[in-house]
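Everything below concerns the one structure shown next.
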Amino acid sequence: MNPITKAIRIQTEKTNEMEHSTPMFLTSSFCFDNAEEMRAAFADENDDNIYSRFSNPNVKEFTDKIVALEGAESGYATASGMSAIFGSFMALLKKGDHLLSCNAIFGSTHTIISKYLPKYGIEESYIPVNATEAEWEAAIKPNTKMIYLETPTNPGLDIIDIELIGKIAKKHHVILNVDNCFATPIIQTPIALGADLVVHSATKWLDGQGRVLGGVVVGKKELIKEIYLFCRSTGPALSPFNAWVLSKSIETLDVRMERHASNALFIAEQLTNHPKIEVLKYPFLPTHPQYNIAKKQMKNGGGVVCFEVKGGLENGRNFLNSLKMLSLTANLGDTRSIASHPASTTHAKLTEAERLAVNITPGLIRISIGLEHKDDILNDILQALDKC
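In the working numbering, each number is its position in the sequence shown, counted from 1, plus 9.
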């Protein structure tokens, strides 16, 4: 079956009630018929559920759907996207190892890499998203254990050639870990391009309605096993209720992303050359610096458009304050369109120099394009730009 069909049809085994929709397994623990079955479960001799911090039918159903969509061998779901990222680092990196990351990443990920990994003796360094193949090769150290990428990046929508970096990682026996949050497995599948691990904030497009938090990491079975063991002991488990919500959301992910992307492309095309906009970026616009890479590895341009309002910080604020329909909130990937100002919110912890190095200017606006009628989204953006 097609992975999209699998993601819809994968389901927990029916109970005696013969339900069509999977029920919620809101339980902290699971029972055994006898002491021997209980011993075998704790000895990892079977896959029986023990405790919902370890595994749960709702969580497994959601995870299995992402594994199918991403073409992975295994996966583990967590309480948030950041716990999935942190778990993928801490389970596989040790004192003396080196992590190489692209420099354009989510603000909280930057905090983990630059502030917390060094406390555990893990070295880190950044490389520009537009680095050449030779520069990537030169950045690999003898102790490099993992390469971490976001593509498209948050919020600047830079595109990195996953296939190219996958070949470099394989050559140097380095784990390639890709954050696929902005694209989703509907738009690109990093594992098919050479990634060993893929992480998601399920809170965003995977949920799609701004309801619950969740994260997931999928990839090679032997790597996921280490991540599972780390997370099983440290406790960032996805709640059964959130997993139940997310599993149902996956069944509409394909049709939702098609609408998000078509709306986003329309908005990007209509705003191109707008007199109040300095620079506008969308992966499937020919004017995007990495347009050819985006066309090669993505099925469409995704649901985010970003642009710099002329007049810097003051006009950026004027734009946000003038919006009438679009929401101002710390999220993206919702059915409702959302506008945010990365420099003062998601990337505020970066220094000004660090923000400018990844093109997060004072006037940069990130728009998560929703499922409303495209004309209504455009009209609200246009009337707000008129106030700038």
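All residues carry an ideal CB built from backbone N, CA and C; glycine is no exception. All values derive from a computational prediction rather than experimental measurement.
Residue i in three-state terms, based on DSSP
{"i": "residue 242", "result": "helix"}
{"i": "residue 166", "result": "coil"}
{"i": "residue 150", "result": "coil"}
{"i": "residue 158", "result": "strand"}
{"i": "residue 19", "result": "coil"}
{"i": "residue 86", "result": "strand"}
{"i": "residue 251", "result": "helix"}
{"i": "residue 139", "result": "coil"}
{"i": "residue 228", "result": "strand"}
{"i": "residue 30", "result": "coil"}
{"i": "residue 186", "result": "strand"}
{"i": "residue 202", "result": "helix"}
Integer Cβ distance of residue i from residue j, believed to fall under 8 Å
{"i": "residue 253", "j": "residue 14", "result": "Between residue 14 and residue 253 the Cβ distance is about 21 Å, and since that is not below 8 Å, they are no contact."}
{"i": "residue 163", "j": "residue 95", "result": "That pair is no contact at about 17 Å."}
{"i": "residue 184", "j": "residue 205", "result": "5 Å"}
{"i": "residue 221", "j": "residue 85", "result": "Contact doesn't hold; Cβ gap of about 17 Å is too wide."}
{"i": "residue 112", "j": "residue 157", "result": "No, residue 112 and residue 157 are not in contact; Cβ-Cβ is about 11 Å, not under 8 Å."}
{"i": "residue 348", "j": "residue 332", "result": "6 Å"}
{"i": "residue 102", "j": "residue 121", "result": "Contact doesn't hold; Cβ gap of about 11 Å is too wide."}
{"i": "residue 286", "j": "residue 280", "result": "6 Å"}
{"i": "residue 6", "j": "residue 87", "result": "The structure shown does not extend to residue 6, since the chain is modelled only from 10 to 397, so the question has no answer here."}
{"i": "residue 67", "j": "residue 271", "result": "Actually they are not in contact, since the Cβ atoms of residue 67 and residue 271 sit about 32 Å apart, beyond 8 Å."}
{"i": "residue 269", "j": "residue 380", "result": "7 Å"}
{"i": "residue 309", "j": "residue 196", "result": "6 Å"}
Of the listed residues the options, nearest to residue i (C-alpha basis)
{"i": "residue 151", "options": "360, 116, 109 and 323", "result": "109"}
{"i": "residue 167", "options": "285, 383 and 316", "result": "316"}
{"i": "residue 311", "options": "275, 337 and 285", "result": "275"}
{"i": "residue 179", "options": "198, 330, 195 and 155", "result": "155"}
{"i": "residue 391", "options": "222, 203 and 318", "result": "318"}
{"i": "residue 202", "options": "366, 39, 395 and 79", "result": "79"}
{"i": "residue 337", "options": "322, 354 and 58", "result": "354"}
{"i": "residue 92", "options": "160, 72 and 117", "result": "117"}
{"i": "residue 194", "options": "267, 53 and 27", "result": "267"}
{"i": "residue 322", "options": "397, 377, 236 and 314", "result": "397"}
{"i": "residue 306", "options": "12, 28, 198 and 124", "result": "198"}
{"i": "residue 24", "options": "17, 34 and 56", "result": "34"}
{"i": "residue 235", "options": "97, 42, 200 and 104", "result": "97"}
{"i": "residue 41", "options": "128, 29, 58 and 12", "result": "58"}
{"i": "residue 277", "options": "384, 39, 251 and 83", "result": "384"}
{"i": "residue 18", "options": "37, 55, 77 and 39", "result": "77"}
{"i": "residue 364", "options": "376, 350 and 377", "result": "350"}
{"i": "residue 282", "options": "128, 394, 82 and 20", "result": "394"}
{"i": "residue 248", "options": "299, 36, 159 and 22", "result": "36"}
{"i": "residue 213", "options": "22, 237, 377 and 38", "result": "377"}
{"i": "residue 22", "options": "56, 70, 38 and 43", "result": "70"}
{"i": "residue 141", "options": "299, 52 and 161", "result": "299"}
{"i": "residue 382", "options": "366, 367, 362 and 334", "result": "334"}
is_contact[residue i, chain D] using C-beta, thresh 8 Å
{"i": "residue 228", "result": "Absent from the structure: chain D. Only one protein chain is present."}
Closer than 7 Å: residue i CB and nearest the ligand HEM heavy atom
{"i": "residue 358", "result": "As far as ligands go, the structure on display features none, and thus does not contain the ligand HEM."}
Please give me, in chain order, every unbroken run of the alpha helix (DSSP H) with length at least 4 that falls completely inside the segment 255-316. 262-280 and 300-306
Answer yes if the segment 288-302 comes into contact with the segment 251-266, meaning at least three C-beta pairs across the two stretches below 8 Å, and no otherwise. no
Which complete alpha helix (DSSP H) runs does the segment 102-136 hold, if anything under 4 residues is left out? 116-120
Along the chain, which unbroken stretches of the beta strand (DSSP E) at least 3 residues long are found entirely within the segment 33-78? none
Return the chain-ordered ranges of every alpha helix (DSSP H) run that is complete within the segment 328-397 and spans a minimum of 4 residues. 361-366 and 383-395
Touch check for the segment 238-255 and the segment 46-66: three-plus C-beta pairs under 8 Å? yes
At a cut of 8 Å, does the segment 224-237 reach the segment 41-49 through at least three beta carbon pairs? no
Kindly confirm or deny that the segment 172-182 and the segment 139-155 touch, where touching means at least three C-beta pairs closer than 8 Å. yes
At least three beta-carbon pairs within less than 8 Å, the segment 339-350 to the segment 125-137: no
Counting pairs of Cβ atoms below 8 Å between the segment 204-211 and the segment 187-194, do you hit three or more? yes
Three or more C-beta pairs under 8 Å: does that hold for the segment 322-338 against the segment 359-372? yes
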